[in-house]
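Contents: one structure, followed by commentary.
Protein chains in written order, with this note's numbering: chain R, 415 to 528; chain W, 14 to 127.
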């Protein structure tokens, strides 16, 4: 069974640009969550999608958005990039996103903003 | 709101020695507790989880953790470590309302010396 895949793995963008990251969950998984990992703030929850609906949201500005497609694939978008958005963005999928459902993490997309 | 404190940012130990990584949490509601491991340039992998029931939880790779409600702790232990255990370890918490919304600690870097 293939794991969670994220594309691209590495990305370099300039301040002010926007970026879209993609996540393909494990086959059959319907819940997809996104996390931001930085040396200073650690791992922080961005949002979770289930059946194309955002079910939970973390404390991030509106520049961070996401969506989920009918095949459960998810994308997250960051507009008007700032230097502080440089981070490893991790995607995780789980079967139904319920209590006890294990989250399987992808390898992440490393975004560098210059 | 929940929070997680990992009491040690770095823990060096010798191979085959026992290790304990400490984790304390704060929450006003019942929580679910997790330990994840992150190897260099990889995503996170679940080591073990506590949802309910027995307070001693056994996980993969010989790790175990004990949930202590009165001390709000969930320390991770391994009786004998190997070089391959060198990694960063994260304690995390979630609750019923946001089962997939993990709140992570800052991480503990475990270094195994030969």
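For glycine and all other residues, C-beta sits at the position ideal for the given N, C-alpha and C.
Starting from residue 78 (chain W), trace the beta strand (DSSP E) both ways and give me its first and last residue.
By one-based count along the second chain, residue 78 (chain W) stands at place 65. 77-81 is the extent of the beta strand (DSSP E) around residue 78 (chain W).
In the DSSP output, which residue or residues are listed as bridge partners for residue 506 (chain R)?
Within the first chain, numbered from 1, the residue matching residue 506 (chain R) stands at position 92. Answer is R:447, R:519, bridged to residue 506 (chain R).
Which same chain residues end up closer than 6 Å to residue 511 (chain R) when comparing Cβ atoms and leaving out the 5 residues on each side of it in sequence?
Within the first chain, residue 511 (chain R) is the residue found at index 97, counting from 1. For residue 511 (chain R), where only same-chain residues beyond five positions count, the Cβ hits under 6 Å are 445, 464.
Beta-carbon proximity check, residue 505 (chain R) vs residue 418 (chain R), cutoff 7 Å
For the purposes of this step, residue 505 (chain R) is identified with residue 91 of the first chain, where counting begins at 1. For the purposes of this step, residue 418 (chain R) is identified with residue 4 of the first chain, where counting begins at 1. Yes.
For residue 516 (chain R), would you say it is in contact with chain W, using Cβ-to-Cβ distances shorter than 7 Å as the test?
Here residue 516 (chain R) corresponds to residue number 102 of the first chain, with the count starting at 1. Yes - at least one Cβ of chain W is within 7 Å of the one on residue 516 (chain R).
Residue 491 (chain R) versus residue 499 (chain R) - alpha carbon distance
Position 77 of the first chain holds residue 491 (chain R). Position 85 of the first chain holds residue 499 (chain R). Distance between the alpha carbons of residue 491 (chain R) and residue 499 (chain R): 12 Å.
Skipping 5 residues on each side, what residues in its chain have a beta carbon closer than 7 Å to that of residue 486 (chain R)?
The count along the first chain starts at 1 and reaches residue 486 (chain R) at position 72. Cβ neighbours of residue 486 (chain R) beyond the five flanking positions: 439, 443, 444, 446.
Measuring alpha carbon to alpha carbon, tell me which of W:15, W:115, W:24, W:18 ends up nearest residue 122 (chain W).
For this step, residue 122 (chain W) is matched to residue 109 along the second chain. Of W:15, W:115, W:24, W:18, the residue nearest in Cα terms is W:24.
Could you check what DSSP says for residue 498 (chain R) in three-state terms: helix, strand or coil?
The residue you call residue 498 (chain R) lines up with position 84 of the first chain. Helix at residue 498 (chain R).
Please state whether the Cβ-Cβ distance between residue 37 (chain W) and residue 68 (chain W) is less than 7 Å.
The count along the second chain starts at 1 and reaches residue 37 (chain W) at position 24. The count along the second chain starts at 1 and reaches residue 68 (chain W) at position 55. Contact: no.
Roughly how many angstroms separate the alpha carbons of residue 436 (chain R) and residue 59 (chain W), rounded to a whole number?
Taking the first residue of the first chain as position 1, residue 436 (chain R) is located at position 22. Taking the first residue of the second chain as position 1, residue 59 (chain W) is located at position 46. Using only the alpha carbons, I get a separation of about 22 Å.
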